[in-house]
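For reference, the structure discussed in these notes is given below.
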Ligand SMILES: [Zn+2]
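Numbering (the numbering used here), first residue to last: 1365 to 1530.
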């Protein structure tokens, strides 16, 4: 069994791990299973369009092995497209990082890919604006304004009337 691969890209976790054709009942017989290795090979070669040589290096496997992964992945995907099968992406030989998925735990991935995190200042996204309050136009409810969320885009949680900055 191959060692777990120590390369940050390998830890890419697909956001969606199940694809199902519309209007087809999936029984388990019409389902193909892509291993993480196959998924990663497709991602590197066909999505990021990286040379096979470099892609194999990234995955810490030989080129023939990489080639085999690509071929079997494409075969499965083609099978799913042609025959209307579902695709499940599964673990294969990989060990994914053993991390419970919790709010805030995804930071390593998000930051590495430039998606999460870096928004806002020290106070975090929920810090109130400078002295800003949002007031209900009907009742007396008010709450601190959340940075980046104009009061006018909110509704009073008590009575449902529009809010204004006040
Ligand atoms: Zn109100």
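Note that the Cβ used here is the ideal one computed from N, Cα and C, for glycine as well.
The beta carbon of residue 1506 is closer than 6 Å to those of 1497 and 1499 in its chain, skipping five residues each way along the sequence. Not one heavy atom of ligand 1 lies closer than 7 Å to the C-beta of residue 1389. DSSP places residue 1509 within a strand segment (E or B) once states are collapsed to three. Collapsing the DSSP output to three states places residue 1521 in coil. In terms of Cβ geometry, residue 1381 and residue 1452 form a close pair [threshold 8 Å]. Residue 1449 sits away from residue 1402, with the two beta carbons spaced by 8 Å or more. Residue 1516 is not bridged by DSSP to any residue. Remark: the C-beta of residue 1525 is in contact range of ligand 1, defined as less than 7 Å to any heavy atom.
Excluding the 5 residues flanking it on each side, residue 1525 has same chain C-beta neighbours closer than 6 Å at 1500, 1501 and 1502, in chain order.
Residue 1409 holds the alpha-carbon nearest to the alpha-carbon of residue 1437 among 1414, 1417, 1426 and 1409.
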